[in-house]
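Asker:
Number of protein chains: 2
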Amino acid sequence: MKNNQFAIQPVSTHQKIAELTQLGFLDDQTDQLTATELWYHFLRHTMLENPSEAGWHAFLTQTLATSDLTLAECRAQQRPVSRHMFQLVALQLLAFEVDVDYDPAHPDVAWRTIQLPALEHALDQPAAIIDAWYLLLCTHTKNGQSFIDALTSRGFLVPLYQLPATQKPLFFNGKALAVFDPTQLINEVVYVETDLDTDSDGQRDLIKVEITRPAETNDGLQIPAVYTASPYNQGTNDAWGEKMTHSVATKLTHKDPQQQPDIPAFPTPTSHRSTQGETTTAEETVHHQATYTLNNYLAVRGFAIIYSAGIGTKDSDGFQTCGSPEQTLATIAVIEWLNGQRRAFTNRTDQIEISAWWCSGNVAMTGRSYLGTLATAAATTGVTGLKTIISEAAISSWYDYYRENGLVMAPGGFPGEDADVLAAETFSRTKNAGDYHHVQAAFNDYLQQMARAMDRATGNYNDFWRQRNYRPNIKNIQADIMMVHGLNDWNVKLNQVKSLWDGLADLPVARKLVLHQGQHIYINAFRSIDFTDIVNLWLSNKLWQVDNHANDVLPDLIAQDNVVPETWTSTDQWEQPGHARQWQLTTDGLRERAVATTDSVTFNDQLPVDQFQTFSRQPTVWQTALVTTNNAFSCQFKTPQFKDDLLLQGTPELTVSLTVSVDHGMLSAQLVDYGTARRFNVSPTMLNRQGLELGYHWQKDDLREFTLADRPSDYHVISFGHINLQNRHSSAQIDALAAGQRVALTLKLQPIFHHLAAGHRLGLVLFSTDFGMTVRGNEAITYRIELGESHLVIPTVR
Amino acid sequence: MKNNQFAIQPVSTHQKIAELTQLGFLDDQTDQLTATELWYHFLRHTMLENPSEAGWHAFLTQTLATSDLTLAECRAQQRPVSRHMFQLVALQLLAFEVDVDYDPAHPDVAWRTIQLPALEHALDQPAAIIDAWYLLLCTHTKNGQSFIDALTSRGFLVPLYQLPATQKPLFFNGKALAVFDPTQLINEVVYVETDLDTDSDGQRDLIKVEITRPAETNDGLQIPAVYTASPYNQGTNDAWGEKMTHSVATKLTHKDPQQQPDIPAFPTPTSHRSTQGETTTAEETVHHQATYTLNNYLAVRGFAIIYSAGIGTKDSDGFQTCGSPEQTLATIAVIEWLNGQRRAFTNRTDQIEISAWWCSGNVAMTGRSYLGTLATAAATTGVTGLKTIISEAAISSWYDYYRENGLVMAPGGFPGEDADVLAAETFSRTKNAGDYHHVQAAFNDYLQQMARAMDRATGNYNDFWRQRNYRPNIKNIQADIMMVHGLNDWNVKLNQVKSLWDGLADLPVARKLVLHQGQHIYINAFRSIDFTDIVNLWLSNKLWQVDNHANDVLPDLIAQDNVVPETWTSTDQWEQPGHARQWQLTTDGLRERAVATTDSVTFNDQLPVDQFQTFSRQPTVWQTALVTTNNAFSCQFKTPQFKDDLLLQGTPELTVSLTVSVDHGMLSAQLVDYGTARRFNVSPTMLNRQGLELGYHWQKDDLREFTLADRPSDYHVISFGHINLQNRHSSAQIDALAAGQRVALTLKLQPIFHHLAAGHRLGLVLFSTDFGMTVRGNEAITYRIELGESHLVIPTVR
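Residue numbers (full-length UniProt numbering), protein chains in the order written: chain P, 1 to 798; chain A, 1 to 798.
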C-alpha cells in the first residue's frame with residue numbers, strides 16, 4: 001500500500017498544543033511528563049473499548065514495541081521511547097499488519113515505503129512527541145482514513161457531543177471534526193417557491209427540499225449548507241427511458257442549410273403565492289436518507305446537508321428540462337432560500353412560510369455527473385451565497401454530451417440516449433400516480449417539442465444546445481471551484497472539465513482539479529488518496545472561513561498515474577507552453593520528422609452484414625478489432641517504441657486532409673497506448689465492504705482502490721474524437737461537401753493526462769462509424785487520407 | 001417482478017384485530033366506521049412523514065384510486081371502496097409503478113401477475129377491510145420487504161420504543177417487530193473460558209464474545225440469542241494464506257498401503273481460573289459492528305446478537321484448527337455460557353465473572369460457509385440451549401471440502417487451498433503483533449503437524465478427516481435445522497447439505513431447506529422471496545416459542561427455478577422413490593434403452609504444453625473447451641433433445657467400467673444441461689444499493705435478485721464428481737491398480753435440483769484432470785471406457 005496525503009496543513013506548535021488540549025490529550029498535568037511518559041499518556045487515551053487498567057494491560061501486552069519486546073516488556077524495563085518504537089507502535093495503531101506491511105525490525109522502512117508523513121525530529125523531548133503524535137493523528141490508516149477519523153469511528157469524540165452549541169464546530173488540523181451526534185440529526189422538508197411555471201398550471205413551481213441538520217442548530221448554532229441538486233434522488237423511470245431510446249441504426253445524410261427548430265418555451269408566472277403565516281418549525285420529516293457518502297461524512301461535522309431533485313420530480317412541480325436555464329434557476333432557488341433571498345413553505349398547500357434561519361447563508365454544492373452539472377450551472381449564475389462547488393464528472397455543455405462537431409453522439413455505453421430520454425427518465429412525478437395523471441399529457445407534449453428542438457437530424461449546434469451551454473457564463477463565476485474527473489470517463493468526457501478548467505484560468509477564484517483513473521465514478525472512498533480530507537479542508541475554509549490556507553495547501557491539479565497503482569502527483573497546469581510535439585501521418589506510422597509526400601491511405605466504412613451485426617451488439621468486440629487487427633474499415637498509424645517514459649498532457653489536435661466518396665461523411669479518431677502490460681482494472685476493487693465508517697455508529701462506505709488487472713492487455717484507448725465532414729468550421733454551421741471533394745479539417749480529441757510507459761508506442765486510428773457512440777449506417781463510403789497534409793499535435797509531452 | 005411469500009401465517013380474525021389494535025390501526029372509535037371510512041382511517045395511519053391535514057391532502061391528491069380519479073376526487077364524490085380501488089391504492093403503497101408494474105385500469109391483473117397474496121372477500125364490510133389491510137401489511141413491496149417492515153423503516157414503530165420492557169417484544173403475524181431502539185443497543189464483550197488449551201500455554205483458552213442487546217434487557221427483559229461463530233470476523237491473513245497455498249502442478253502417483261500420519265494433539269488443561277469476584281456489568285464495549293445483515297435485522301426485533309471468532313483469533317487464546325473437535329467445543333462454550341452452564345470473565349486478567357443474566361438461555365446459530373459449518377458442528381453435539389441453526393452453505397464433512405474419493409480436491413475457485421491454509425488465514429492473533437510474537441513459533445509447528453496429518457500425498461480419508469466429519473453425530477442433533485444452499489455452489493458443494501438433509505430424515509427435529517440458484521452467497525436480501533420473514537417466523541417460534549405454527553407454515557423444501565427468474569416452488573422431498581431414470585453410455589450418446597455391447601471409447605489426459613498452460617491459467621477456458629469442443633482429452637455423451645420440461649432431482653450416480661494405461665489415474669465427470677438459452681447471471685444483480693432498510697435509521701442492505709444474462713449461453717454444468725481409481729471401494733482404503741487392469745466403479749455426482757427445459761439435452765462428459773479442482777499432472781494416460789457396463793442414474797426425474 002502507498003499513502004498519498006495532500007490535505008495535511010502545516011501548523012504552529014501553539015496550534016498543535018491547543019488542538020491536542022481540546023481533544024483531551026494534553027492538560028495541566030501533562031507538562032510534567034517526560035517524552036516517554038507523554039507517549040504512554042497519549043497511547044492510553046486511545047483505549048476506547050476498554051479504558052480500565054485491564055484494557056490498558058491487554059493493549060500493552062498485545063502491542064509490539066521492538067522486534068522482540070512488547071510494550072509491556074519495554075515499559076517494565078523502563079526503556080525510553082525511540083523513533084523506531086514510536087513508528088512500530090504507530091504502524092499497529094494505523095492497522096498495518098506485521099510481516100505483511102512491515103518488518104518489526106525495520107519500521108522506518110515501511111514508514112517510507114507506505115509514504116507515511118515523515119517524522120521530523122528525534123523523539124527525546126516532550127515537544128517532539130507532541131509534534132509526532134499530532135502528525136500521527138493526521139496520518140492515514142491502512143483503511144483509508146486519518147487516525148483521528150479512525151478514533152472517531154470508535155467513539156473518541158462522543159464526549160464532545162455534549163459541548164454547548166456555541167463551542168461547535170471543532171476543527172483539527174484545519175478540518176472539521178465529527179462532534180455532532182448522528183442520532184440527533186434533524187431531518188426536515190420545505191418547499192421552495194421558484195419564479196418558474198414549467199408545467200404551465202398557472203402557479204409558480206414549488207420544489208421539495210430535504211434538509212439534514214445537527215440538533216445544535218436548534219440551540220442557536222448557524223451553520224453552512226452542503227447542497228446536492230440531484231434529479232435522480234426521487235427515483236427514475238428506467239423502463240420509460242429504455243423505451244424512448246432512439247435507434248442508432250440510421251444512416252448519416254447530406255445536410256443542406258435549413259431553418260432551425262423552435263425551442264420549447266414556458267409561461268412567465270405573474271403572481272406569488274400569498275403568505276398565510278410564518279413559522280420556524282418544519283412540518284414534514286424525511287424518511288429518505290442521504291446517499292452520497294461524502295455528504296454523510298460531512299453531516300456529522302457541522303454542515304447541513306441539503307438535497308433537492310428540482311423541477312419535474314416527485315413531490316415537486318414543473319417539468320424536467322434536461323439542463324435548460326429553467327432547471328438552473330430552480331437549482332439556485334434553493335441557494336437563494338438558504339441565503340435568505342427566497343421564500344419556502346412548510347407544505348404545498350397552507351402557504352406558511354419558513355426561512356432557513358439555522359443557516360449561515362454559506363453554501364457549497366456537491367455531486368457527480370448530472371448533479372455536478374447542476375452545480376456547475378449554478379456557479380455560472382454567480383448566485384450570492386454559493387461559496388464553492390465540488391463538481392465531479394460534470395457537464396459544462398450538453399452539446400458535448402449528446403452531440404459532437406455536427407454529429408449525434410451517445411455518451412459511452414448509452415447508444416441512442418438523448419436529452420429527451422434523460423428528461424423522461426428523471427421525470428419522477430410518475431412516482432405519485434395521482435399527480436402524474438394530471439400532467440402526463442402536457443409533459444408528453446413537451447417531450448415531443450424537445451425532441452424536435454434537439455434536432456437529431458442534423459446534429460448541429462442550435463438554440464436548444466446554446467441554452468444548455470454553461471461555458472459562456474463561466475466568466476460570471478464567483479465561487480471557488482474544485483473539479484474531479486475520471487481520465488477514463490467516456491460518459492461525461494474530458495473536454496467537459498477541461499473547458500471549465502481553462503475558462504477559470506484568468507478569473508479571480510481558486511480552481512482545483514483531481515484527475516483519477518476511473519470512468520464515471522466517485523472517488524471519496526479510495527484508500528490511496530485523502531480525498532475526503534481534501535474536501536474537509538476545502539469546505540472548512542470556504543464555508544466556515546477556517547484560516548487553514550486551503551488554497552495553498554492543496555495543489556491546483558492532482559493526477560493519478562495510470563501505470564503505477566496508488567500514485568498521485570501534483571502539478572499546477574494541465575498544458576504547459578513550449579512542450580508540444582507533432583507527428584506526421586506516414587505510411588510508416590506516426591513520425592516526428594515532417595516529409596513532403598503525396599501518399600494517401602484509404603478505408604471503407606462498410607462491413608459484411610454478419611460483422612456489422614456483431615459489432616452493433618457488442619461494441620467491445622468492434623473496439624478490439626478496430627485497434628488490433630489489420631482491417632479495411634480503418635487505418636492505423638503508430639510511433640516507434642519510445643525509449644523513455646512520457647507524460648502526455650492536454651488536448652490532442654488532429655489535422656487531416658481527406659476526400660470522401662459520397663456527399664456526406666464523418667471522421668473518427670482514437671489515440672491508443674500500444675504495449676503489452678498489466679493495466680488498471682476498469683473499475684476499482686472493493687477492499688473492504690462497508691469498511692469505512694463516516695462517524696461513530698453512523699453511515700459507512702465501501703473502501704476501494706484501483707488495482708492492476710490479473711492479465712496483461714495489449715492496448716488502451718486514451719483519447720478520441722469525431723467530426724461531421726460538413727461541420728469542418730463550426731458545429732453550428734453547415735459546410736458544403738461533394739463526393740470526391742478534398743477537404744481539410746482540424747479535430748480536437750478528448751484531453752489527456754497519460755503516462756506512456758517506456759517501450760510502448762503511441763497509435764492513431766482513423767475510421768468512421770464508432771459503434772460505441774455514433775450512428776451506424778453501414779454505408780459503402782471510402783475515405784482517402786492525404787498523409788502529406790495530416791498530422792497530430794499533443795500540446796504537452798514531458 | 002414476481003413475489004413469492006412463504007412466511008405469511010394464517011391467523012384468526014380475533015388475532016388480526018388484536019394485532020391491528022396493538023399497532024394503533026384499531027381502537028374504540030373504529031368500531032363505528034363503515035368499510036370505506038375504515039379504509040381511509042387505515043390509510044391516514046400511514047402518513048408518517050407529514051401526518052398533518054396538509055400531508056394527508058397531499059397523499060390523497062397524489063394517489064390514484066381509479067384509472068381516472070385520485071383518492072381526493074373519489075373521496076369528494078363519496079365513492080365507496082371497491083376491490084379495484086383497494087388494489088390500485090395498495091399497489092402504490094407497495095411502491096409499484098404506474099404503467100411499468102400495473103395498468104391503473106386493471107390493478108387486479110397486476111395483483112395476480114406479481115403474485116401478491118389474494119384478497120379473499122368483497123370489501124363491502126368493515127371486517128373484510130380489516131382482513132385485507134392485515135394481509136396488505138404482510139405483503140411484500142416492490143423493494144423486497146413486507147409493508148409493515150417498509151412502514152417500520154419509515155418510523156412507524158418508533159412510538160412503541162417507549163413500551164415498558166415487560167410488554168416487549170411484539171409480534172405481528174407470528175413475526176417479531178422492530179420495537180427496540182437501535183440507538184440504545186448495548187454493545188459489550190466478555191471472555192468465555194473453555195475447557196481447552198490449544199496453544200499449550202498451561203491456561204484454559206479464553207475466547208472473546210461480542211454481544212449486542214437491547215436496552216430493555218437492563219430493565220428485566222430476558223431475551224434469546226442469535227449467535228454467529230465466525231472465524232473470519234476478527235480479520236484474516238490473506239497474504240499468508242496465498243503464500244501457503246499448495247501447488248497443484250503435481251502428478252498423481254500410484255498409492256501403496258502405508259501407515260497413517262499422526263494427528264496433532266493438545267494438552268488437557270487441569271485447573272480452572274479462580275474467580276476473583278462477580279459482576280453484572282461488562283467492562284469492555286465493542287466498536288466492531290455486526291456484518292451479517294440478517295443479524296442486524298434481528299438485532300432490533302428482540303434477539304441478542306452474539307459474535308465469536310473462537311480459538312486462535314484476535315483477542316482470544318488458542319489455535320485455529322480448521323474444524324477440529326476442539327473448535328466445536330470452543331463454539332459451544334459460548335452457548336453453554338448463554339445457557340448458564342459456563343463461566344465468562346469481564347476481561348482477560350482480573351478473573352471477575354459475568355453471567356449472561358439477560359439471556360433466556362435459548363440460542364440460535366446463523367451464518368454461511370465456515371460460520372454455518374460451525375453451527376452444524378455445534379448442533380451435532382446436542383448442546384443444551386441450542387434450539388435451532390440456520391446453516392447456509394455449510395460443510396458437514398471437511399473431507400468433502402478438501403478431498404474427494406481419494407483425491408486432493410480444491411473448493412471451486414481456490415486451487416491449492418487446504419485445511420492448513422485456512423487455519424493460517426483465520427489465525428487472526430496476528431492482528432495483535434505483540435500477542436502473535438509469543439505464539440508464532442508454536443503455531444507454525446502446529447501447522448506443519450497439520451499439513452502432515454491432512455496428507456495431500458494420498459488424498460485418503462484418515463483420522464484427521466474423521467475428526468472433521470460431523471455426519472456420524474447428526475444423530476445427536478436436538479435442534480431444529482434450517483438449511484440454505486446454492487445450487488451452483490462449487491465451493492461448499494451440494495453433497496454437504498444433502499448429507500445433512502438426509503441424515504435428519506428420521507430424527508425428531510424439524511428440517512427445512514432452501515435451495516437457490518446462487519453460488520456461495522447469502523440470500524437474505526433477495527426481492528423475490530421473503531427469506532427474512534421466513535427466518536423471523538422460524539426464530540420467533542424456536543426462540544420466543546410464539547405459537548405461529550412455523551413448522552407447518554413453512555414448506556420443508558423451497559427450491560428456486562433455474563429457467564424462469566423469481567420463481568420459487570415448494571416440495572417436501574429432494575428425492576422421490578419410484579422416479580429414477582437410467583441412461584446407458586453409448587457411441588450415440590446417452591440412451592435409455594440398455595444395449596449389450598463391447599464398444600469402448602478412449603481419451604488421453606495429456607495436452608500440448610501451450611494448451612496446458614492456458615487451461616492452468618484460465619480454468620474457464622478449459623471448462624468451455626471441455627464441454628463444447630470435440631477433443632481428445634474427454635468423451636461426451638448426450639441424450640436426444642427432450643420434448644418436455646424435466647425436473648432432475650437428487651444425487652446422480654455414475655457406474656463405469658474402464659481401463660487405464662498406467663498404474664494410477666482419476667476419473668472425473670460433469671453433468672451438463674446443453675441448449676442455447678438466456679440463463680441466470682452467475683451473480684445476483686444489484687437492484688437497489690443499500691435500498692433495504694433493516695429498521696428505522698438502522699443498518700441497510702443491498703437489494704438483489706437473479707436476472708437473466710443479456711446473451712444466451714450454450715450449456716450449463718449442473719453436477720460433477722471425481723474419483724481416484726485406487727479408491728473404488730472407499731476413500732479410506734487403497735485398491736490395487738495395474739496398467740491395463742479393467743476396473744468397475746460407482747461415482748456419486750453432486751446432488752441436483754435442476755429444471756431441464758424442453759428442447760435441451762442432458763450431457764455427460766468424462767475426463768481426468770479438472771483444471772478447476774484437481775491436481776494437474778499433464779501425464780500421457782489413456783482411459784478406455786467400456787460402454788456396455790457404464791450407465792448414469794438420476795434418482796428423481798419428473
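Heads up, the beta-carbon is just placed ideally off N, CA and C, and yes, glycines get one too.
What's the gap between the Cα of Gln258 (chain P) and the Cα of Arg742 (chain P)?
Answerer: Computed Cα separation, rounded: 24 Å.
Asker: Strictly under 9 Å for the Cβ-Cβ distance: is Glu284 (chain P) near chain A by that measure?
Answerer: Cβ-Cβ to chain A under 9 Å: yes for Glu284 (chain P).
Asker: What residues of chain A sit near Tyr436 (chain P), judged by a beta carbon separation below 9 Å?
Answerer: What Tyr436 (chain P) touches in chain A: Gln62, Leu64, Val98 and Asp99.
Asker: Under the three-state reduction of DSSP, which class applies to Arg761 (chain A): helix, strand or coil?
Answerer: Residue state, collapsed to three classes: strand.
Asker: For His549 (chain P), which option in P:Asn4, P:Pro159, P:Pro10 and P:Lys2 has the closest C-alpha, if you only look at C-alpha atoms?
Answerer: Comparing Cα positions, the closest option is P:Pro10.
Asker: Taking Cβ positions, are Thr331 (chain A) and Leu374 (chain A) nearer each other than 9 Å?
Answerer: Yes.
Asker: Going along chain A, which residues have a C-beta under 9 Å from Arg79 (chain P)?
Answerer: Near Arg79 (chain P) there are no residues of chain A at all, since even the closest Cβ is about 14 Å away, more than 9 Å.
Asker: Taking its Cβ as the centre, do 16 or more other Cβ atoms sit within 10 Å of Glu216 (chain A), making it buried, or is it exposed?
Answerer: By the neighbour-count rule (16 or more Cβ atoms within 10 Å), Glu216 (chain A) is buried.
Asker: With a threshold of 9 Å between beta-carbons, can Glu49 (chain A) be considered close to chain P, or not?
Answerer: Closer than 9 Å: yes.
Asker: For Val717 (chain P), name the three-state secondary structure that DSSP assigns.
Answerer: Strand at Val717 (chain P).
Asker: Can you list, in chain order, the residues of its chain with a C-beta nearer than 6 Å to that of Gln560 (chain P)? Leave out the 5 residues immediately preceding and following it.
Answerer: Hits under 6 Å: His516, Gln517 and Trp568.
Asker: With distance defined between alpha-carbon atoms, name the residue in P:Ile311, P:Ser247 and P:Leu386 nearest to Thr426 (chain P).
Answerer: With distances taken between Cα atoms, Thr426 (chain P) lies closest to P:Ile311.
Asker: Straight-line CA distance for Val189 (chain P) to Ser355 (chain P)?
Answerer: Taking the straight line from one Cα to the other gives about 12 Å.
Asker: Keeping to the same chain, check which residues put their C-beta closer than 6 Å to that of Asn362 (chain A); ignore five residues upstream and five downstream.
Answerer: Answer for Asn362 (chain A): Pro224, Lys387 and Leu543, listed in chain order.
Asker: Pull up the distance between the alpha-carbon of Ala736 (chain P) and that of Ile211 (chain P), whole angstroms please.
Answerer: Approximately 55 Å between the Cα atoms of the pair.
Asker: Out of curiosity, what's the CA-to-CA distance linking Trp357 (chain A) and Asp547 (chain P)?
Answerer: Between Trp357 (chain A) and Asp547 (chain P), the C-alpha separation is close to 54 Å.
Asker: What are the residues that DSSP puts in a beta bridge with Thr66 (chain A)?
Answerer: According to DSSP, which records beta bridges pairwise, Thr66 (chain A) is partnered with nothing at all.
Asker: What residue does the beta strand (DSSP E) around Gly486 (chain A) start on, and which one ends it?
Answerer: Element bounds for Gly486 (chain A): Asp480 to Gly486.
Asker: Can you confirm whether Thr676 (chain A), when its beta carbon is compared against all beta carbons of chain P, has any partner nearer than 9 Å?
Answerer: Taking Cβ atoms only, chain P never reaches closer than 9 Å to Thr676 (chain A), which makes this a no.
Asker: For Gln613 (chain A), count the other beta carbons within 10 Å of its own beta carbon; 16 or more makes it buried, fewer makes it exposed. Which is it?
Answerer: The residue is exposed, with fewer than 16 neighbouring Cβ atoms inside 10 Å.
Asker: Residues of chain P with CB closer than 8 Å to the CB of His57 (chain A), please, in chain order.
Answerer: Result: Thr349.
Asker: Here's the rule: buried if 16 or more other CB atoms are within 10 angstroms of the residue's CB, otherwise exposed. What is Ser247 (chain P)?
Answerer: Answer is exposed; the Cβ neighbour count stays below 16.
Asker: Is it right to say Lys243 (chain A) is buried, meaning 16 or more other beta carbons lie within 10 angstroms of its own, or is it exposed?
Answerer: Result: exposed.
Asker: Note down, in chain order, every chain P residue with its Cβ under 8 Å from the Cβ of Ala54 (chain A).
Answerer: Those within 8 Å of Ala54 (chain A) in chain P are Glu283, Thr346, Asn347, Arg348, Thr349 and Asp350.
Asker: Assuming Asn296 (chain A) and Leu749 (chain A) form a contact by the criterion Cβ under 8 Å, report the distance between their Cβ atoms to the nearest whole angstrom.
Answerer: Actually they do not touch by this definition, with Cβ atoms about 38 Å apart.
Asker: Looking at C-beta atoms only, is the number of pairs between the stretch 432-439 of chain A and the stretch 506-525 of chain A that lie closer than 8 Å three or more?
Answerer: At 8 Å Cβ cutoff, the stretches do not touch.
Asker: Got a sec: is the Cβ-Cβ distance from Asn237 (chain A) to anything in chain P below 9 Å?
Answerer: Yes, its Cβ sits closer than 9 Å to a Cβ of chain P.
Asker: Could you work out which residue in A:Ala58, A:Gln584, A:Val682 and A:Pro51 is closest to Arg593 (chain A) when comparing CA atoms only?
Answerer: Among A:Ala58, A:Gln584, A:Val682 and A:Pro51, the Cα nearest to that of Arg593 (chain A) belongs to A:Gln584.
Asker: When DSSP labels each residue in this structure, what does Asp588 (chain P) get in the three-state scheme?
Answerer: Three-state DSSP puts Asp588 (chain P) in coil, outside helix and strand.
Asker: In chain order, what residues of the same chain lie with their CB nearer than 6 Å to the CB of Leu160 (chain A), ignoring the 5 residues before and after it?
Answerer: If we look at Leu160 (chain A) and ignore the five residues flanking it on each side, its Cβ neighbours are Val179.
Asker: Please name the residues in the stretch 80-96 of chain P whose beta-carbon is closer than 7 Å to at least one beta-carbon of chain A, in chain order.
Answerer: Listed in sequence order: Gln92.
Asker: Under 7 Å Cβ-Cβ, which residues of chain A neighbour Thr183 (chain P)?
Answerer: Here the neighbours are Thr183.
Asker: By the three-class DSSP mapping on this structure, what secondary structure does Val334 (chain A) have?
Answerer: Of the three classes helix, strand and coil, the one that applies to Val334 (chain A) here is helix, per DSSP.
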